[in-house]
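Student:
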Amino acid sequence: MSDLTGRRTLITGAAAGIGTACAELFAKQGAKVLVTDVDTAGAERLAAELGEGHGSATLDVTQADQWQTAVAAAEEQLGGLDVLVNNAGIEIGAPLTETEEADFDRLMRINVTGTFLGIKASVPLLAASGSGSIVNMSSVAGLGGAPLLGAYCASKGAVVRLSEVAAIELRAANIRVNAVCPAFIDTAMVDRLVSPFEAAVGMPFGEVLKLKQGRIGEVSEVAEMVAFLASEDSSFTTGSHYVLDGGLEASLL
């Protein structure tokens, strides 16, 4: 178990799925968490469940002014910032030729621009902490192609490259930057992709899982990796991406 005692952490998209799992684990391991989401009520509810010492803020990651407000909330409610978890993201499950330009643009704004804006807005406080860590949520879809996930693959590939550049540029400020690349995880996002994915590959989703990654992953397993990268246990780790896929990427068949 990673030691996150006192690590002041802002998590985006924290009102559901992997974001919630991260918030709960971080709080359990001693971090002070600012729960942020476009779902204001959900963020407030989770922060209340986490208890004293934690906070919440409304955050649309595509809006630079809301990032400034969220970072200010971290300073006010947590006393500063040691960790940023750029978790917020969406998916599109459609062939590229059937993907609407507006939907593609929205996905890129949330998944890529949101990550960029978060890095930019958080750097002053992370640098002031003396040992900042940024963990960006990418995906195995950012490391290779998959049917129906062209837009998503493009966005998550960009997150990996953005993380590498940020790691190089922010090293002098003692800010580490890494990316996490999960495969199929038991979330509502994956649930929405099951039917179109089965139609595209001609195979039941459960069979694909058995062949490729053995089973579906759990949000708690992703949260554990994020916690490690946020902690000082990974103090010599930056500019890397970490795959959680049950062996999917290693499989040729």
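Here this note's numbering is used: the first residue of the sequence shown is 232, the next is one more, and so on.
Think of the CB as a built atom: it goes at the ideal place given N, C-alpha and C, for glycine as much as any other residue.
If you're wondering where the values come from, they're calculated on a predicted model, not measured in any experiment.
1. Check whether the Cβ atoms of residue 387 and residue 398 sit closer than 9 Å, and answer yes or no.
2. Three or more C-beta pairs closer than 8 Å, one from the stretch 305–319 and one from the stretch 350–363: is that the case here?
3. Determine the contact status of residue 257 and residue 290, defining contact as a CB-CB distance below 9 Å.
4. If you compare alpha carbons, which of 391, 375 and 378 is closest to residue 346?
5. Here's a check: name, in chain order, each residue in its chain whose Cβ is nearer than 6 Å to the Cβ of residue 414, leaving out the five neighbours to either side.
6. Given that a residue counts as buried once 16 or more other Cβ atoms are within 10 Å of its Cβ, and exposed if not, what is residue 482?
7. Over what stretch of residues does the alpha helix (DSSP H) that includes residue 397 continue unbroken?
8. So what's residue 268 in DSSP terms, helix, strand or just coil?
9. Buried or exposed for residue 403, please, with buried defined as at least 16 other CB atoms from any protein chain shown within 10 angstroms of its CB.
Tutor: Result, derived from the coordinates:
1. For the purposes of this step, residue 387 is taken as residue 156 along the sequence shown, with counting starting at 1. For the purposes of this step, residue 398 is taken as residue 167 along the sequence shown, with counting starting at 1. Not a contact, by the Cβ cut-off of 9 Å.
2. yes
3. As a working note, residue 257 is residue 26 in the sequence shown. As a working note, residue 290 is residue 59 in the sequence shown. Not closer than 9 Å, so no.
4. In the sequence shown, the residue the question calls residue 346 occupies position 115. Comparing Cα positions, the closest option is 391.
5. By 1-based counting over the sequence shown, the position of residue 414 is 183. Cβ within range, chain order: 371, 444, 476 and 479.
6. Counted from its first residue, the sequence shown places residue 482 at position 251. Result: exposed.
7. One-based indexing of the sequence shown puts residue 397 at position 166. 381–401 is the span of the alpha helix (DSSP H), which, as asked, contains residue 397.
8. Translated into positions along the sequence shown, residue 268 becomes position 37. In this structure, residue 268 counts as strand in the three-state DSSP scheme.
9. What you label residue 403 is simply residue 172 of the sequence shown in a count that begins at 1. Its Cβ having fewer than 16 others within 10 Å, residue 403 is exposed.
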